[in-house]
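Scroll down for the structure; my scribbles are underneath it.
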Amino acid sequence: MTISSRIFSLMQEKNISQSELSKRTGISTRTISDWKRKQTNPSADKILSICEVLGVSPMHLLGGEETSYAPTDSAQESDLLREEIRSLNLRLEEAKASNMAKETFLSNMSHDIRTPMNAIVGMTALAKKHIDEKARVADALEKIETASGHLLNLINEVLDMSRIDSGRMQLADERFSLSDLLHDVMTIVQPQIDQKGHSFHLETGEIPCEYFRGDALRLRQIYVNIINNAVKYTPDGGRIEVSVQEEKKEDLCHLFFRCTDNGIGMSEEFLQRIFEPFERAGSSTVTKIEGTGLGMSIVRKIVEAMNGTVSVKSSPGAGTSVSINIPLHFMEESVQPAAAALKDKRLLIIESDEDMAHVLDGYLKEFQIPHTIVPSASAAVSALTDAEFRQTPYHAVVIGRKQENSGSIYDIAAYLNKSRPQLCIILVSDQNWSEIQYQATRAGIRYFIPVPVFRKSLIGGLNAALSEGESGSSSFAAPDLTGKRILLVEDNLINQEIAKEILSLTKAEIQTAENGQIALSMFESSPEGYYSLILMDVQMPVMNGYEAVRRIRALSRADAGTVPVYAMTANTFAEDIAKSREAGMNGHLAKPVDINALMQMLRQVL
Amino acid sequence: MENWQKTYIENTRSISRLSNFFASEGSAPETWAADRQKAREQCVLLRKENISLLNRYLFPALDELHSLDSTSVDALVAFADELLDWKTNLDPGVYVVIHDALLSVARVRKDTDAVIRELYKLGMGYYYLRRYLNGIDVPEAAAFEFQNEMVFTEAGSYLHYFDQLENEDTKGYIIRAMANVALCTRNTSRRIAASAKTLQVAQDPHYRQQAPNLPWDAFVRKTHQQMSANREELSSGTMTTAELAAVLDSCYEIFKPEEQSENPSVRWIWPFYEMEYNCGYVSAEVTLSRIEHLVSKTPPDQFDMSGLYANVQLPVYYGRLLKEHPRLLENTDSIRFLNEAYRKMIRVLLTCPPDAMDDYFFYVIRAVITDYYEVEGVPSYKEITRQLLARFGGEDYIRFCRTGAVIRCICAAIYQKEPDFFDDIPFLAAIGDPAEKEKALMAYAQDCGLYFDFGLLKMNISRTMLTRNLFENEYRMYCLHTDSGHNDLIERPSTACFADIALGHHRWYDGSDGYPVRYVRNRSPYRQMTDITACAAYLAADPGEDPAGTLSRMQKKSGKQFSPMVMAYLSDQQLAEEIQRILKADPSPYYEEIRQYVSG
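The listed protein sequences correspond, in order, to chains G and S.
Heads up, the first sequence is in the numbering used here, so the first residue is 728 and it goes up one at a time.
Heads up, the second sequence is in the numbering used here, so the first residue is -2 and it goes up one at a time.
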């Protein structure tokens, strides 16, 4: 029986007419008629679609057909046809497997997508129901925000994967700091680590290169992904250790990253598939661990795009260790000039974490920068008193990561700033600066150095902190306000003289007024933007400070609402401070005016 | 002292006297309420004058401190000293402001003697200011302790230069500051280390020779006393052998001679017994019987330190022991004794004459509020604290009653229209009968007025608020009254339902402002009542304000500071008028209620 006669037999069996077959396969009725009329066989590409319509496999259609098939064509043609059919069969199997993977993916994803979508839909309905209850609506929106964030992550990963697969991913080639990169990674993962009560330790070996060229964002994505997996797959209260090391090889520096946890680990079988897309250690519905199953696949693809390698070691119950090696172009940057400027500065470091103290001590000794390390705020106050009594005061206090028996970093900074405003207070911390900046600067912390601390970031940071604002008088660290104009409103002539004397250190132009009325007239008659700052006494004859500021703020000129006005007063009732704010003042300086507190304020405002 | 300073002190004393309801015991019942109202009006005027005096004289003086002549500075110092006399402590806040400014000047002038002296004095000022926070265990309090510790630490660190300093008074400040570091930390090891170091220095002949006129023996004795205060920690098991020995040594040094005397004072004998118990020398049972003996032999009209010690602190300690060792409750005699002792304790507190109400008196009241053990067979915490509020709340009590009446009024209006409005509150939801439920709601509403500011009772900051406006650091302390009230109320079953009201009544409805941040409205089943209390408290805050004006201001903050649901009810004309009537009503019945408490 020829293939064509088998086709017609099956058509009859399945009650499919020639016109229907033509319609469903796209093969013209004339061609189909020719097979019957001329006893020829259809070409291989048409057999597949015919099989689909008839509901049989190509092999079934071909089954035992060799003898009857052979006479119609040459042997060579027959071989080619068989080969073509075999290849088509293979593609069909692949397509089926691919379909299956898609179905599995969709099944997984539908749960992961539906879960946050449920929250979004449900919370939206709840918010609408309680539309008048602002707090309840706010709570619902907060939950919607969280769920949306999660959903966005899923979508991003799926899109990322697609971008990588289609070869559309481009790696940036920009200068970046390893210290900043690792600090960012730590601040991103820290909340999850804290939430699960894990202990986290970052160990950095000898770091000869601190600045590289490459794609810092993608590197961050890789490291965050690996650490997040460790966090997710480690039961609460676990241990996560990250080590970062470098090795220079010719013109490249290899960055070795290893993340080790004591989590649930993986089976040998799963380990084989870990880099396959949509694979997760256990279903999220069972483990309650959410994710797309794309993370490790993305990691490997990015690492490979960076010419690096990634390997995983793990066994069930014994934790997991992921190692990544990426070769990067490094940038040589000398620390020496910055370090040289620090040799005559004395630093007091408050750090009770031995590892951190060791790192800081090592770098400072290497560059011969005079320093003392104390473990607590009490010891720091004693050391400062000693130094002042011996007339060899410290120039800066570095508040480290941990302090023994002390208040919060803000309490320490606030006390030091109040008692010794000339001191430059620097914070070395693994916290996210943008989150703590407001409170930290209010407490008097002037500069921030991110953890992990490397040579360049430490020396550069110290140098920037200590040179910032230095103009003539290092003890008061007066900022350079050349070109700025300050209106000093003060009725007491002695106080006015003292303040003028101090302000002159900043090189700003100082103009004075004896009462609020004069200050108001001066401001009114000045061009817009003329004054950069107004320092306003409160209790004055003719017109007091509150009234003067109220009137200034009410003027119809662009800078009336924006010019910073600071009260200088001894009135420290909470109500007075509130009153000065209500009048339109931006802040408050306690009298008797402390030179250094004034400088601190100027530095912050201008 | 200058005249304005004398006037300020006199005004402050007058306010203290006029605001003490017990002091007007002599008034006839029929004129009592009128007398109280007159006294309140006088207080308002004196307060106004005080604020004006500070604004007109003190702040300008501090303003010009750099150029002030020595006579004026001396007068300022004398004024400050009068405000903090270590007994009545009229105004630690102003004392701190003055010495803070003097320290600032001393630092600029690099006058080491003045820096050390002012550090010590500022430290003492901070210490007395921190008394507002005694017994308030919240993280925010740590910042004040730390600030205090640093000031003393800095003064103490000049010990290295003891030989180089000439002024003997300065040397005395150094030793005292060193010792006082122990007053500023909750860490036992650091307290012990500070006292041990001071004892070492104070007994060292080298230092004694450097300043032969200093009262070294008094320093030693005082420091032993400070060291012995760690006796409570003896049973904690966290002390090193050296620390244990140091504390025991000081306890023997201070208390043993008293124990061996013929008629030892309770104040001295009890710490010795306490030490013996904490060391494990004697059992809890023996300690209980020792307390029973000491309390029984002390008459209820003994209001000196020993009397208050026996009649107030020991019953509190007795309750703590029973709480720590529930097995002791099996002996019904213990509960019977505790009941009697608690009743005697409250009688003593309510009848204490004004001249005995010093800092120590308020210290023991705080101890009662913090450690009262509510157990079956003794008066409930609610019963005890209600009496304390009436007795020591002063004008605040009137405010609480008024607020309660406003809350009742709002609740009644809401319940009428939405009977399930309060069903998140577990004990109300459990009541099926509507009439019973309404009755329970009304009683609860009235008591919410009484307890929302409960934290203020323990802080005793109202006295300062009657005298003048609060300074910024005092205001920061004042804000902790919400946490303080919550923490004490939540601990006892009879008051737990008021805890969230106390915590959340200053937090804004939308969570964007107010305090404390830890109150999360949506997590509290009492949130609706907290919302209502916040509105009622705002309305009743100032009896001099026009309620209509206040309501109109509040409407502008509806949905932000105040609950829009409550504000919607308050926009009802009839309800608003009813509230105005309550707020403007004659307060005589409230005063009469207080009088009955005061007269026992």
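Glycine included, C-beta positions come from ideal geometry on N, C-alpha and C.
- Close CB contacts of residue 899 of chain G within its chain, under the 8 Å cut and outside five residues either way in sequence, are with 941, 942, 943, 944 and 945 (chain order).
- Taken in chain order, the complete alpha helix (DSSP H) segments of 4 or more residues contained in the segment 1092 to 1137 of chain G are 1104 to 1116.
- CA-CA distance, residue 935 of chain G to residue 1057 of chain G, rounds to 10 Å.
- Within the segment 10 to 94 of chain S, the complete alpha helix (DSSP H) segments at least 4 residues long are 26 to 50, 56 to 60 and 67 to 80, listed from N- to C-terminus.
- The Cβ-Cβ distance between residue 403 of chain S and residue 536 of chain S falls below 8 Å.
- Within chain S, 507 and 508 have C-beta atoms less than 8 Å from the C-beta of residue 865 of chain G, given in sequence order.
- Any Cβ of chain G closer than 8 Å to the Cβ of residue 175 of chain S would place that residue at the interface, and such an atom is absent.
- Taking 8 Å as the cut-off, the beta carbon of residue 452 of chain S is found closer than this to the beta carbon of residue 481 of chain S.
- Linking residue 98 of chain S to residue 357 of chain S through their CA atoms gives a straight-line distance of about 29 Å.
- Rounded to the nearest whole angstrom, the CA to CA distance from residue 1032 of chain G to residue 499 of chain S is 60 Å.
- Selection G:759, G:750 and G:746 evaluated against residue 730 of chain G yields G:759 as nearest (Cα-Cα).
- Cβ-Cβ distances below 6 Å link residue 478 of chain S to 452, 453 and 456 in the same chain, with the five nearest sequence neighbours on each side left out; the list follows chain order.
- Neighbourhood of residue 184 of chain S in chain G, by CB distance below 8 Å: 1132, in chain order.
- Distance check between residue 1106 of chain G and each of G:1094, G:1131, G:1084 and G:1122 places G:1131 closest, using alpha-carbon atoms only.
- In the three-state reduction of the DSSP assignment, residue 1266 of chain G falls in the coil class, being assigned neither a helical nor a strand state.
- By the Cβ criterion, the segment 954 to 969 of chain G is in contact with the segment 988 to 995 of chain G, since at least three pairs of Cβ atoms, one from each stretch, lie closer than 8 Å.
- If you look at residue 927 of chain G, you'll find it isn't in any alpha helix (DSSP H); it sits in the beta strand (DSSP E) that goes 926 to 931.
- Cβ proximity to chain G below 7 Å picks out 150, 151, 154, 155, 157 and 158 from the segment 150 to 177 of chain S.
- Contacts with chain G at 8 Å (Cβ-Cβ) include residue 147 of chain S.
- Closest option to residue 1253 of chain G, judged by alpha-carbon separation, among G:1136, G:1282, G:1226 and G:955: G:1282.
- Closer than 8 Å to the CB of residue 1104 of chain G there is at least one CB belonging to chain S.
- The C-beta separation of residue 526 of chain S from residue 411 of chain S comes to about 10 Å, leaving the pair out of contact by the 8 Å criterion.
- Taking one beta carbon from each stretch, the segment 1023 to 1037 of chain G and the segment 1074 to 1084 of chain G have fewer than 3 pairs nearer than 8 Å; the two do not touch.
- By alpha-carbon distance to residue 330 of chain S, the top candidate from S:321, S:186 and S:315 is S:315.
- Minimum Cα-Cα distance from residue 251 of chain S among the listed residues S:221, S:273, S:229 and S:231 corresponds to S:221.
- For residue 987 of chain G, the closest Cβ of chain S is not nearer than 8 Å.
- Per DSSP, the beta bridge partners of residue 1054 of chain G are G:981.
- Around the beta carbon of residue 84 of chain S, fewer than 16 other beta carbons sit within 10 angstroms, so the residue counts as exposed.
- Distance check between residue 266 of chain S and each of S:206, S:280, S:248 and S:278 places S:248 closest, using alpha-carbon atoms only.
- Residue 1209 of chain G counts as exposed, since fewer than 16 other beta carbons sit within 10 angstroms of its beta carbon.
- The DSSP assignment places complete alpha helix (DSSP H) segments of no fewer than 4 residues inside the segment 430 to 517 of chain S at 431 to 448, 451 to 456, 459 to 464, 469 to 475, 478 to 487 and 496 to 501, in order along the chain.
- By the 16-neighbour rule on beta-carbons within 10 angstroms, residue 821 of chain G is exposed.
- Contact between residue 1047 of chain G and residue 1039 of chain G holds: their C-beta atoms lie close to 7 Å from each other, under 8 Å.
- Contact annotation: residue 90 of chain S and residue 51 of chain S have beta-carbon atoms that are not nearer than 8 Å.
- At least one CB atom of chain S sits nearer than 8 Å to the CB of residue 1146 of chain G.
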